[in-house]
Amino acid sequence: MNRVAIVVEPVTKDQSGEIRVLVDQMVYKAKSAIPDGEFVQNELVKICHIEDDIAYCQRGMLDNQYDQDIKVSVVS
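Here the working numbering = 1-based position in the sequence shown + 1497.
Right, dumping it as structure tokens:
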């Protein structure tokens, strides 16, 4: 699955490891696909898979395709 989500409720290492992400205008409960994952609000994350209404995510693992798609050109 090659999809991205936006973190709407962040999580730190000392919390339970559950976050909320926005995917296609729906908010999912999410878990880090990597142990002790830490996420910040409004961060783009890669969705590994969605199972039982839980999105399993990785941060900093975006494909080059997404890097190109999310860049914004600034015209002065």
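All C-beta atoms in this analysis are idealised placements derived from N, C-alpha and C, irrespective of residue type, glycine included.
The structure presented is a predicted model; accordingly, all values stated were derived computationally and were not measured.
Terminal residues of the beta strand (DSSP E) in which residue i lies
| i | result |
| --- | --- |
| E1548 | 1541-1548 |
| E1578 | Any property of residue 1578 remains undetermined from this structure, which presents the chain solely from 1498 to 1573. |
| Q1555 | 1551-1556 |
Top-ranked residue by Cα proximity to residue i, from the options
| i | options | result |
| --- | --- | --- |
| E1506 | F1536, C1554, I1544 | F1536 |
| L1548 | Q1522, A1527, A1502, V1501 | At residue 1548 the sequence reads Glu, which differs from the Leu that was named. Considering only alpha carbons, the answer is A1527. |
| E1540 | D1550, Q1522, Q1555 | Q1555 |
Own chain residues within Cβ distance below 8 Å of residue i, not counting five before or after
| i | result |
| --- | --- |
| V1524 | V1505, R1517, V1518 |
| I1551 | Y1525, K1526, A1527, K1528 |
| Q1538 | V1504, V1505, E1506, P1507 |
Buried or exposed (CB count within 10 angstroms, at least 16 for buried), residue i
| i | result |
| --- | --- |
| I1544 | buried |
Close beta carbons around residue i, own chain, < 7 Å, minus the five adjacent residues each side
| i | result |
| --- | --- |
| Y1563 | Confidence at Y1563 is low in this model, with a pLDDT of 46, below 50, so its placement is unreliable and the value that follows should be read with caution. The answer, listed in chain order, is V1501. |
| K1568 | Residue placement at K1568 cannot be trusted, given a pLDDT of 46 that sits under 50; the coordinates are not used to answer. |
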